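Reviewing the structure listed below.
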Amino acid sequence: MKLPLAYYQQPDVVAIARDLVGKYLFTRIDGVLTGGRIVETEAYAHIDDQACHSHLGRFTKRTRVMYEAGGVAYVYLIYGRYALFNIITNVAGKADAVLIRGLEPTEGIAEMQLRRGLTTAAKNLTAGPGLLTQALGIQVSHYGTDLSGDLIWLEDHQEVVPAADIVASPRVGIDYAGADAALPWRFRIKGNPWTSPAK
DNA sequence: CTAAGGATTAACT
DNA sequence: GTTAATCCTTAGT
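Residue numbers for the first sequence, in the numbering used here: 876 to 1074.
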């Protein structure tokens, strides 16, 4: 079943990030259903987290939707090329977010290959935050998309991922965040090949 | 291992 | 108004 808005509005973004591992992410963009199982996430908290774009209450064009109530998409461009997909959580005014870093494809694999410009079944089809957005057709124009709608949404398939199979580790690529870089707020399924290639 | 790439932002004039 | 630095990465040597 589709996750309700109330799910995203829970206060503990780290708990949500951990719980999202094993859930499913789908998009229906250009009328084509694509999606898969979430195997890697990272939590970003509003306050006390310098790695978060919204830290210290910065309120700009880019971070605007982070302050909305949980349940919208925060898509932004990194390194001029790649769109990263985040889910805004918590209530309005608390700019918490969960970054989706890895997806195990289950639906619309042929379409995903097409979007990636591949002719063969690549094993890195959706392994990486910039790749899964390409595969699912998510672009920066989807900034602010309501996740209770029919364009981008998440589903709970009642799958239980054993706690022992979920590993927590420091987040990736955020050395600039100082001491906060050590927080174990990255969650992934142990040994899953679709987790991101980044260190 | 490195190079590329464009938006964003802070720091200037 | 402009410039320079930075970035939650990937693809290609």
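Even for Gly, the Cβ is constructed at its ideal location relative to N, Cα and C. A quick note: this is a predicted structure, and the numbers were derived from the prediction, not measured.
Rounded to whole angstroms, what is the Cα-Cα separation between residue 916 and residue 888? 11 Å
Under the three-state reduction of DSSP, which class applies to residue 972: helix, strand or coil? Three-state result, residue 972: strand.
In three-state DSSP terms, what is residue 962? DSSP, reduced to helix, strand and coil, places residue 962 within a strand of the structure shown.
Provide the residue(s) that pair with residue 1036 in DSSP beta bridges, ordered along the chain. Paired residue(s): none; residue 1036 is not in a bridge.
Looking at residue 1062 and residue 892, is the spacing between their C-beta atoms short of 9 Å? yes
Candidates 1028, 1038, 1000: which alpha carbon is nearest residue 904's? 1028
Got a sec, what are the start and stop residues for the beta strand (DSSP E) residue 1022 sits in? Where residue 1022 is concerned, there is no enclosing beta strand (DSSP E), given that its DSSP letter is neither H nor E.
Contacts around residue 932, its chain only, beta-carbon distance under 6 Å, and the 5 residues preceding and following it disregarded: Because the pLDDT of residue 932 is 43, which lies under 50, any placement of that residue in the model is unreliable, and the question is left without a value.
Is it the case that the Cβ atoms of residue 919 and residue 1060 are separated by a distance below 9 Å? Taking 9 Å as the cut-off, the beta carbon of residue 919 is found closer than this to the beta carbon of residue 1060.
Figure out for me which residue from 1035, 1019, 909, 1024 has the closest Cα to the Cα of residue 980. The candidate whose alpha carbon is nearest that of residue 980 is 909.
Beta-bridge partners of residue 907, as assigned by DSSP: Listed as beta-bridge partners of residue 907 by DSSP are 904.
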